[in-house]
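Colleague:
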Amino acid sequence: MSAVFDDSSARPGPSGLDPAPPAGPAVVGEGASTTPQEDRVHRLLGGLKRKYGARITGELAMPAQAARFAELPEGLHPRLRAALAARGLTRLYAHQREAWERVQAGEHLVVATPTASGKTLCYNLPVLDAVLSRQAKALYLFPTKALAQDQVAELSELNQALAGMERAAQQSGGISPSGSGSQSIARSDARSDDGGGQRRKGGGGAGFDSDTDSDPDPDPDFDLDSDRCRQGDCVTRRGSLGIKAFTFDGDTPGDARKAVRTRGDIVLSNPDMLHQAILPHHTKWAQFFESLQFVVVDELHGYRGVFGSHVANVFRRLLRICRFYGAKPVFIFASATIANPAELAGRLIGERVHAVTDSGAPRGERQLLLWNPLVIDPDLGIRASARSQTTRIARAATRQGLKNIVFARSRLMVEVITKYLKDVFDRDPRRPPRVLAYRGGYLPSERRSGERALRAGRVDCVVSTSALELGVDIGALDVAVLNGYPGTIAATWQRLGRAGRRNRPSLGVLVATSDPLDQYMVRHPEFFLGSSPEHARIHPDQLLILMDHVRCAAFELPFRDGEGFGDCTEDLGEMLGYLRDEGLLQRQGPQWFWVADSYPANAVSLRSVAEGNFVVIDTTDGKQTIIAEVDYSGAPGTVYEGAIYMVQSQPYQVEKLDWTGRKAYVTKTRADYYTDAIDYTKLKILAEFDRRGMVAGQRGAAADRRHFDTDTDTDTDPGSDSDSETGSGAEATAAVAHGEVHLVRRYPGYKKIRYYSHDNIGYGNIDLPDQEMHTTAVWWQLHPRVLAQAVAATFGSRERLVEGFLGAAYALHHVAALRAMAEVQDLGRAVGDGQGRWFATVGADGRGQLRGPDNQPLDEPPAGGFEPTLFLYDNYPGGVGLSAPLFDAAAVLVADALALVRDCACTGGCPACVGPILPGDEQRVLPPNALALSVLALFAGGAAGDHGDGAGSEALVAAGSSPQRRSDA
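Residue numbering for the sequence shown follows our numbering, starting at 1299 and increasing by one per position.
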């Protein structure tokens, strides 16, 4: 059943509208005549609804919204006021003025407003004013080089606008705009006017537009003597604002770096360069650090998990160096809408941060369709491929003349969808391509070329991973299609927001896969209403990450006895002593000095806990050309020998993998299939940090914490079955624990899957070393007596019980990813005995199987007891703080999983609840979904058959609902 929601009632429009907005294109919905582009969007929407109405489970209509304005600050520097006027900006949005006031008061700030709401001006305005007024310096940090290049283009436009006004004034004999800030300049170009006197940028800035006639490709060679640089490396012109803005990244030539350090007013870089190139050489940056007053951090919502934990430690090092030079910069963050922007920003810098969340920016009309492919096998719950539906929608949009973007969740899927679309639109190689793939792993030159083509409007359809989720200006797009739920609401809106910028109407389509979260989303359209439900989390004190940055900090400046490291709660003295014992530090009096020859920052990657990317080398026709790179963690499942690796839909076969040298050698192929690796995981419990029993009716930390002995059939206190802590009189049927585990992952082989039909046409073997790591996990176990009773009375055999554990693990894995605001791949799941003696997997017959340490099938578990354990683990060495919150919320996670499986419409189990099942399984006495429900009911503290509505009353709400829905639960 389709549900239609009109967001105008769910989100009231702003009050206090400007009574007389400047002339410009009218906002859709205000009685204005529609443009051809608007007609095409509505025509596509109507066609999809008429032809595929049965597949649309929800429709969200978000009407156009007018702007709320505020005046420019009175104390704004006159030249900056004139430059803004030259760009047609005579007022601010309300949230931009609020940001100005907060920064002027010296507060750290995070601006968390929707996509394309003018966040850029929130930080540019106070920074530029301070540079002009008091020679302040600022450091801008962007997660990607492309975003930094976008910002340089913005500043270049501002300089050009003022320079053009001054030349015009001199030629006409009029007043120079730099002499007065009171002159009002009427705009002459309304191409991107939003109806409110502001120009809109593709990256969310309200004050500038980076669509210029100048060369957008940065040239690293610039002439500093002439005080004029090419756009993309620095911004400064005689007769303009005179502000020098330089990019500083891996492409900046060595002979230009000194000029950046000594002459730059604004340095635009990224966290990796700050970590490896700026902080370790801070003495060369002394002049810059002494005057540093602002640090701007864009795309804050992306600083979570491993990356965010690393960056928090980089900021600890940055602030330590700033104190050394007597500077105390104000941090300004920009973020997409998440539930805890101020908390996340505060964790990153260890100080209080104020949040600006009420946007005053206008928006164009937006339509969102939730699209669920038709069920093609009702018994198994198998649906039509999301890939085919996504391709169909993108084809329709392209044929309507609408610029569109398709987001896929993996690099492989990007290449597959690109191939399907190129087969339709790029058959003639003599013509410029209309379809473009964009993802990580491509060479920088190829990505820059793609960005230029997108901005110039030469591409009709781009297929991307999350690489284009961030605010890179890729021109005006009309339609965004998501092939699968991205994993978070914030990421969903970021991707949908790539279409409809510059106040254009837009259409977004979320096409669900068979994954559990996808199916939950399209069955609950109301999930997209209200405030963001998601919390971004980091764990900067994770020991491996923290130790890496303590080493880096010691290299940069000596530590003193008693000195802290930001808000770190770990024993710094113990870590310094360890580094001394390792021969890296030497203590002299109260100070600890770095004495090793190594350069520690060079060995620490901010993007992972492991290090060492693989390069992909094309050896076709005897050449050796690097065509891509693959991160260490993804290499075993991507570039094994025999794998098909694709670049811009061109397939390459991996002929040789040099694991030690981190090189994969490939040749072009015309294979009509792609490959998918098979892996399995076994775990062994090393240390248990905490444990509690699971009692029916209890939630989270209030549950029974009584420790029962898993090695016997009786409770620790045989004379009492009551809950001694809660007094509930209930007995714990299961326990949940949190601790450290040792993980071994093996890739035994891969599948060959034919294009279009997706038939499995063969297998191949993978011969790679086992991947081992220590990490943290949360795990569930049944009480031994309950386990024995369940096997005898409910499941009938240990094999059926293992199948129930596997189905329960599948459901718990997906709801846990939602709760943790993590990608599904950030968490792992496994079923085993907890001692690494056996693990469980789904065999080729669709049944649960026990396998030994060497992957050999087992008829019975090894001697020593049958203790099945369900693990959810951090998929990074050492863990990144995901498992501890899951342990705290274990009872609600189980309730979520119960509801997910119980409410699924399939007969006996399907990919949307417990994973794929084989034909006929739904007719068993206990089909797979019933087995999983019985295990989850035991985890919840009930009986194996107790999985009614009450057991899952908190279904998928605590992490993903609006406050209203949470209270209803």
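Note that the Cβ used here is the ideal one computed from N, Cα and C, for glycine as well.
So what does L1805 bridge to, in DSSP terms?
Modeller: DSSP, once it has assigned bridges, lists Q1665, V1777 as partnering L1805.
Colleague: Look at the alpha carbon of V1339 and the alpha carbon of R1685, and state the distance between them as a whole number of angstroms.
Modeller: 22 Å
Colleague: Does DSSP put L1841 in a helix, a strand or coil?
Modeller: helix
Colleague: Using the three-state DSSP reduction, which class does V1722 fall into: helix, strand or coil?
Modeller: helix
Colleague: For N1457, which of Y1438, A1754, A1543 has the nearest alpha-carbon?
Modeller: A1543
Colleague: Just to confirm, are D1547 and K1443 a CB contact at a threshold of 8 Å?
Modeller: Between D1547 and K1443, the C-beta spacing is below 8 Å.
Colleague: Quick check on this structure: which residue in S1743, F2169, R1796, Q2154 has the alpha carbon closest to the alpha carbon of V2076?
Modeller: F2169
Colleague: Keeping to the same chain, check which residues put their C-beta closer than 6 Å to that of E1336; ignore five residues upstream and five downstream.
Modeller: Hits under 6 Å: P1803.
Colleague: Which runs of the beta strand (DSSP E) spanning at least 3 residues fall entirely within the segment 1845-1888, listed in chain order?
Modeller: Listed in chain order, they are 1883-1886.
Colleague: Figure out for me which residue from L2231, Y2054, Y1391, N2173 has the closest Cα to the Cα of D2201.
Modeller: L2231
Colleague: Short of 8 Å in beta carbon distance, which residues of its chain neighbour C1759, apart from the five on each side in sequence? Order them along the chain.
Modeller: A1692, A1695, T1696, K1701, N1702, I1703, V1704, L1719, F1723, R1732, V1733, L1734
Colleague: Since T2167 and G2126 are thought to touch, with beta carbons under 8 Å apart, how far apart are those beta carbons, to the nearest angstrom?
Modeller: The Cβ separation is near 14 Å, so there is no contact.
Colleague: Are at least three pairs of beta-carbons, each pair with one atom in the segment 1646-1659 and one in the segment 1415-1435, less than 8 Å apart?
Modeller: Between the segment 1646-1659 and the segment 1415-1435 there are three or more C-beta pairs closer than 8 Å, enough to call the two in contact.
Colleague: Which class does K1980 belong to by DSSP, given the choice of helix, strand or coil?
Modeller: strand
Colleague: How close, in whole Å, do the beta carbons of I1576 and I1541 come, if the pair is a contact with beta carbons under 8 Å?
Modeller: The Cβ separation is near 20 Å, so there is no contact.
Colleague: Hey, how far is the Cα of R1746 from the Cα of G2105?
Modeller: Cα to Cα, R1746 sits roughly 44 Å from G2105.
Colleague: Please check the pair F2137 and Y1978, which I expect to be a contact at CB under 8 Å, by giving their CB distance rounded to whole angstroms.
Modeller: 7 Å
Colleague: Could you check whether V1628 and Q1591 sit closer than 8 Å to each other, using their CB atoms as the reference points?
Modeller: Yes, they are a contact pair.
Colleague: Please list the segments of the alpha helix (DSSP H) lying wholly inside the segment 1890-1943, counting only runs of 4 or more residues, in order along the chain.
Modeller: none
Colleague: Once DSSP output is grouped into helix, strand and coil, what is the label at H1599?
Modeller: It is helical.
Colleague: Can you give the Cα-Cα distance for A1359 and Q1394, rounded to whole angstroms?
Modeller: 27 Å
Colleague: Would you mind stating whether K1613 and L1642 have Cβ atoms separated by less than 8 Å?
Modeller: Just to set this straight, residue 1613 is Phe in the shown sequence, not Lys. No. Outside cutoff.
Colleague: Going by other Cβ atoms of all chains shown within 10 Å of its Cβ, with 16 needed for buried, is P1639 buried or exposed?
Modeller: buried
Colleague: Which parts of the segment 1362-1443 are runs of the beta strand (DSSP E), unbroken and 3 residues or longer, counting only runs that do not cross its ends?
Modeller: If we require 3 residues or more, the beta strand (DSSP E) runs fully inside the segment 1362-1443 come out as 1367-1369, 1389-1391, 1407-1410, 1435-1439.
Colleague: Hey, out of V1952, D1956, Y1736, A2189, whose CA is closest to K1966's CA?
Modeller: V1952
Colleague: Whole angstroms are fine: how far does the CA of T1958 sit from the CA of R1928?
Modeller: The sequence given here has Val at residue 1928, not Arg. Approximately 14 Å between the Cα atoms of the pair.
Colleague: Ignore the nearest five residues each way along the sequence and tell me which others in G1472's own chain have a CB closer than 7 Å to its CB.
Modeller: With a pLDDT of only 49 at G1472, under 50, the local geometry of the prediction cannot be trusted, and the value read off the model is given with reservation. No residues qualify anywhere along the chain.
Colleague: Is the beta carbon of M1992 less than 8 Å from the beta carbon of A2035?
Modeller: no
Colleague: Mind checking whether the beta-carbon of D1974 lies closer than 7 Å to any heavy atom of the ligand SAM?
Modeller: You won't find the ligand SAM in this model; it holds no ligand whatsoever.
Colleague: How far does the beta strand (DSSP E) with M1360 in it extend, from its first residue to its last?
Modeller: 1354-1360
Colleague: What's the call for A2118, buried or exposed, on a 16-neighbour Cβ count within 10 Å?
Modeller: buried
Colleague: Exposed or buried, which one is Y2054 when buried takes at least 16 other CB atoms within 10 Å?
Modeller: exposed
Colleague: I need the straight-line Cα distance from D1846 to L2180, nearest angstrom please.
Modeller: Whole-angstrom Cα-Cα distance: 20 Å.
Colleague: Go through its chain and collect everything with a Cβ distance to V2113's Cβ below 7 Å, but skip five positions before and after it.
Modeller: L2191, D2194, A2195, L2198, L2254
Colleague: Secondary structure at T2205, three-state DSSP: helix, strand or coil?
Modeller: coil
Colleague: Starting from P2046, trace the beta strand (DSSP E) both ways and give me its first and last residue.
Modeller: Residues 2032-2052.
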